[in-house]
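A.B. asks:
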Amino acid sequence: MRLTSYERTVQKDVDKWLHGDASLPARAMDWLMRPVDWAVEQAVPNQLVDQMSEAIGSFLSMLNDATKWTVDLSGIISEANKKDTKIRALEDLRTAPLESLDHLSKSLFTQSTLSAALSGGGTGLGGAVLIAADIPLLFVINLQLIQKIGAAYGFPMTGPEHGSIVLSIFNAAAANSREARSGALHEIGIAAASYASGGSYQGRVRGILSDQSRHVPRELAKNLLGRKLLQTIPLAGAAVGAGVNYWFTRETAETSYMLFRALYIDYKERLR
Numbered sequence: 047m048r049l050t051s052y053e054r055t056v057q058k059d060v061d062k063w064l065h066g067d068a069s070l071p072a073r074a075m076d077w078l079m080r081p082v083d084w085a086v087e088q089a090v091p092n093q094l095v096d097q098m099s100e101a102i103g104s105f106l107s108m109l110n111d112a113t114k115w116t117v118d119l120s121g122i123i124s125e126a127n128k129k130d131t132k133i134r135a136l137e138d139l140r141t142a143p144l145e146s147l148d149h150l151s152k153s154l155f156t157q158s159t160l161s162a163a164l165s166g167g168g169t170g171l172g173g174a175v176l177i178a179a180d181i182p183l184l185f186v187i188n189l190q191l192i193q194k195i196g197a198a199y200g201f202p203m204t205g206p207e208h209g210s211i212v213l214s215i216f217n218a219a220a221a222n223s224r225e226a227r228s229g230a231l232h233e234i235g236i237a238a239a240s241y242a243s244g245g246s247y248q249g250r251v252r253g254i255l256s257d258q259s260r261h262v263p264r265e266l267a268k269n270l271l272g273r274k275l276l277q278t279i280p281l282a283g284a285a286v287g288a289g290v291n292y293w294f295t296r297e298t299a300e301t302s303y304m305l306f307r308a309l310y311i312d313y314k315e316r317l318r
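In this text, residue positions in the sequence shown follow our numbering: the first is 47, and each later residue adds one.
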């Protein structure tokens with residue numbers, strides 16, 4: 047199907063995001079964290095990073111299976127109908143105007159970033175004791191955010207069969223590199239082809255998320271590990287925890303926003 051002028055503009059935005067540098071907040075965070083990252087590289091054994099990477103993969107598997115029952119997507123339909131986008135099912139949004147869906151998607155950012163920041167700030171007061179509790183909650187918030195943004199474009203990511211897309215989004219958000227974004231966009235292309243042909247999504251890596259943990263880039267574990275270690279600093283832990291959680295959730299939101307816009311356009315172009 048022919049794209050509108052707005053959709054062609056979005057295509058250019060996605061391409062610019064794909065080939066461009068990291069966002070300003072991400073660059074600022076990277077600059078501030080360079081001494082910490084260096085210290086982590088020197089002091090933290092590779093085995094610990096590997097263990098954290100495996101733990102993240104396993105935990106995401108558990109979360110993805112659990113939140114397909116707990117994430118509430120009914121609000122997406124309600125909000126869409128308030129914006130004169132009359133739909134009965136989430137899949138109907140695939141043919142709704144992209145400009146309206148962009149506004150709907152953007153409206154989901156604030157609540158999740160605020161919730162993540164409050165979580166990081168609260169657990170930061172407890173130092174190392176509460177870091178273990180903060181990381182699972184951070185991933186719950188971000189996984190549900192990915193599911194909601196996907197649903198806002200008519201592609202709900204509920205269920206372990208979407209594990210490859212979920213992982214690729216987390217990877218691209220945490221690593222914030224062109225290579226990670228390109229890998230995520232490739233996965234989006236596979237999804238678009240599947241949906242446009244009337245089939246169900248089958249990612250390039252089959253099986254549940256725990257079976258895919260070996261595909262989680264080390265950057266995801268390294269970035270979070272270094273930043274979370276700062277929460278152990280007395281007095282500064284709350285501020286650091288809030289900032290790190292805000293950064294990670296904001297990057298997840300922006301990455302999801304770009305990728306699901308790309309999925310919407312790719313899907314539409316394949317409907318010929």
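The beta-carbon is built from N, C-alpha and C at its ideal position, and this holds for glycine as well.
Tell me the rounded alpha-carbon separation between Ser214 and Lys129.
C.D. replies: Numbered from its first residue, the sequence shown carries residue 214 at position 168. Numbered from its first residue, the sequence shown carries residue 129 at position 83. Cα-Cα distance, rounded: 30 angstroms.
A.B. asks: Does DSSP put Pro206 in a helix, a strand or coil?
C.D. replies: As a working note, residue 206 is residue 160 in the sequence shown. Helix, per DSSP.
A.B. asks: Leaving out five residues on either side along the sequence, give the residues of the same chain with a beta carbon under 7 angstroms from the beta carbon of Arg316.
C.D. replies: Within the sequence shown, the letter at position 270 stands for residue 316. Cβ neighbours of Arg316 beyond the five flanking positions: Ala238, Ala239 and Ala242.
A.B. asks: Helix, strand or coil, according to DSSP, for Thr301 in the structure here?
C.D. replies: Here residue 301 refers to the residue found at position 255 when the sequence shown is read from its first residue. Helix, per DSSP.
A.B. asks: Residues in its own chain within less than 6 angstroms of Glu53 by CB, not counting five upstream and five downstream?
C.D. replies: Indexing the sequence shown from 1 puts residue 53 at position 7. Leu144 and Ile311, listed in sequence order.
A.B. asks: Just the C-alpha distance for Ala320 and Thr298, rounded to the nearest angstrom, thanks.
C.D. replies: Limits of the chain in this structure are 47 at one end and 318 at the other, which puts residue 320 out of reach.
A.B. asks: Would you check if the distance between the CB atom of Leu151 and the CB atom of Ala198 is smaller than 7 angstroms?
C.D. replies: The residue given as residue 151 occupies position 105 in the sequence shown. The residue given as residue 198 occupies position 152 in the sequence shown. In the sequence on display, residue 151 carries Ser and not Leu. Contact: yes.
A.B. asks: For Gly202, count neighbouring Cβ atoms within 10 angstroms of its own Cβ and tell me buried if that reaches 16, exposed if not.
C.D. replies: Start at 1 with the first residue of the sequence shown, and residue 202 comes out as number 156. Just to set this straight, residue 202 is Pro in the shown sequence, not Gly. When all chains shown are included, Pro202 counts as buried.
A.B. asks: Let me check understanding here. Comparing Cα to Cα, which of Thr301, Arg48 and Glu125 lies closest to Val212?
C.D. replies: Indexing the sequence shown from 1 puts residue 212 at position 166. Out of Thr301, Arg48 and Glu125, Thr301 has the C-alpha closest to the C-alpha of Val212.
A.B. asks: By alpha-carbon positions, which one of Leu49, Ala308, Leu160 and Gly121 ends up nearest to Ile187?
C.D. replies: Counted from its first residue, the sequence shown places residue 187 at position 141. Of the listed residues, the one whose Cα sits closest to Ile187 is Leu160.
A.B. asks: Where Leu136 and Gly200 are concerned, what is the direct C-alpha to C-alpha distance, given to the nearest angstrom?
C.D. replies: Mapped onto the sequence shown, residue 136 falls at position 90. Mapped onto the sequence shown, residue 200 falls at position 154. Leu136 and Gly200: Cα-Cα distance of roughly 5 angstroms.
A.B. asks: Around the Cβ of Met47, are there at least 16 other Cβ atoms within 10 angstroms (buried) or fewer (exposed)?
C.D. replies: Position 1 of the sequence shown, counted from the start, is the residue given in the question as residue 47. Exposed, by the Cβ-count rule.
A.B. asks: Could you check what DSSP says for Gln157 in three-state terms: helix, strand or coil?
C.D. replies: Translated into positions along the sequence shown, residue 157 becomes position 111. Three-state result, Gln157: helix.
A.B. asks: Do you know how far the Cα of Ser158 is from the Cα of Asp138?
C.D. replies: On the sequence shown, residue 138 is found 92 positions in, with the first residue counted as 1. On the sequence shown, residue 158 is found 112 positions in, with the first residue counted as 1. Answer to the nearest angstrom: the Cα atoms are 25 angstroms apart.
A.B. asks: Comparing C-alpha positions only, which one of Tyr303, Asp59 and Thr55 sits nearest to Lys194?
C.D. replies: By one-based count along the sequence shown, residue 194 stands at place 148. Measuring from the Cα of Lys194, the nearest candidate turns out to be Tyr303.
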